[in-house]
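Sequential numbering of the sequence shown, starting at 1, is according to full-length UniProt numbering.
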Amino acid sequence: VSYTAGATSGDADTFTITNYASTSDADNAELVTQFNDILKQVDKLAADSSFNGINLINGTGSDLTVAFNEHRDDKKSELVIKSADLTSSGLKISDASSLSADESNLKLDSLSEALTTLRKQASTFGSNLSTVQIRKDYTKESINTLQTGADALVLADSNEEGANMLALQTRQQLSTTALSLASQADQAVTRFLRA
Numbered sequence: 001v002s003y004t005a006g007a008t009s010g011d012a013d014t015f016t017i018t019n020y021a022s023t024s025d026a027d028n029a030e031l032v033t034q035f036n037d038i039l040k041q042v043d044k045l046a047a048d049s050s051f052n053g054i055n056l057i058n059g060t061g062s063d064l065t066v067a068f069n070e071h072r073d074d075k076k077s078e079l080v081i082k083s084a085d086l087t088s089s090g091l092k093i094s095d096a097s098s099l100s101a102d103e104s105n106l107k108l109d110s111l112s113e114a115l116t117t118l119r120k121q122a123s124t125f126g127s128n129l130s131t132v133q134i135r136k137d138y139t140k141e142s143i144n145t146l147q148t149g150a151d152a153l154v155l156a157d158s159n160e161e162g163a164n165m166l167a168l169q170t171r172q173q174l175s176t177t178a179l180s181l182a183s184q185a186d187q188a189v190t191r192f193l194r195a
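Here is the structure:
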C-alpha cells in the first residue's frame, strides 16, 4: 500500500496497492498490525489534542464559544467553533482484519473519504481562525486608540504644566501686590482727607 500526496493543493491524492497478489500471509498479518496500530495512534492524537480543557477534534459536543464583546443578551457578538469527530470511528475507518484485495480497496476508499473530511474540517477551522484573528487585531487597535485618548486626557506634559503653574503663581503674587498697593493708596487718601 502506498500513498502519494498531490503536488499542489488542486492535485488529487492517490492510493495504490502494489503486488498484493504475491504477499504472504505473514506479510499481510504485519500490514494488518501496522494499519491497526496507526489507527490507534490517530485516536490517541485526537484524544490528546486539547487546550484549556477543550478538544475540538475528539468528538462532537465540546464546542468553543469565542465572545467578541461584553454583552450576554441579544446584543452579544460571538463565534461558536463546532467540534468534530476526527477519530478513526468519526472518519469511518475501521480496523483491518486481513487486508485482502477486497478489504484493501475498501480501506483505500475509506482513507480517501477521511482525507476529504480532514481537508473540509481544516478549511472550517482555518476560516474560524481567520475570523478570530481579525477580531483580535480590531480589538487590539481599539484598545490602542482608547489608551492613546485616555493618556491625552490624563497624562500632561510636565514642562508645559510647570510653566502654567509658574504663570499662575506670578499672577497671584501680582494680584496680591496690586491689592496691597490699592489698599495703601486708599488709606493715604483717607488720611489726606482727614487732615
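Ideal placement from N, C-alpha and C gives every residue a C-beta, glycine not left out. Being a predicted model, the structure only gives us computed values, none of them experimental.
- Counting only runs that start and end inside the segment 49-117, there is no alpha helix (DSSP H) element of at least 4 residues.
- For S62, same chain residues with a beta-carbon under 8 angstroms away, outside a window of 5 residues either side, are I54, N55, L56 and S83 in chain order.
- When only Cα atoms are considered, S142 and E161 end up about 29 angstroms apart.
- Here the C-alpha atom of L153 lies approximately 22 angstroms from the C-alpha atom of L166.
- Just so you know, the alpha carbons of T131 and L146 end up roughly 22 angstroms apart.
- In the displayed model, D157 falls within coil according to three-state DSSP, outside both helix and strand.
- Each residue's CA atom was taken as its position, placing D95 and S88 some 9 angstroms apart.
- With contacts defined by Cβ atoms closer than 9 angstroms, I81 and T60 do not form a contacting pair.
- By the neighbour-count definition (other C-beta atoms within 10 Å, threshold 16), L193 is an exposed residue.
- Here G90 is buried. Its C-beta has 16 or more other C-beta atoms within 10 Å.
- Remark: C-beta atoms of N58 and A47 approach each other more closely than 9 angstroms.
- Within the same chain, no residue comes within 8 angstroms of S123 by CB-CB distance, once the 5 residues on both sides are set aside.
- Shown here, S24 sits in coil according to DSSP, grouped into three states, outside any helix or strand.
- For T190, same chain residues with a beta-carbon under 6 angstroms away, outside a window of 5 residues either side, do not exist.
- Between the alpha carbons of N105 and T117 lies a distance of about 18 angstroms.
- In terms of CA proximity to A26, L99 leads the group R72, L99, Q41 and R171.
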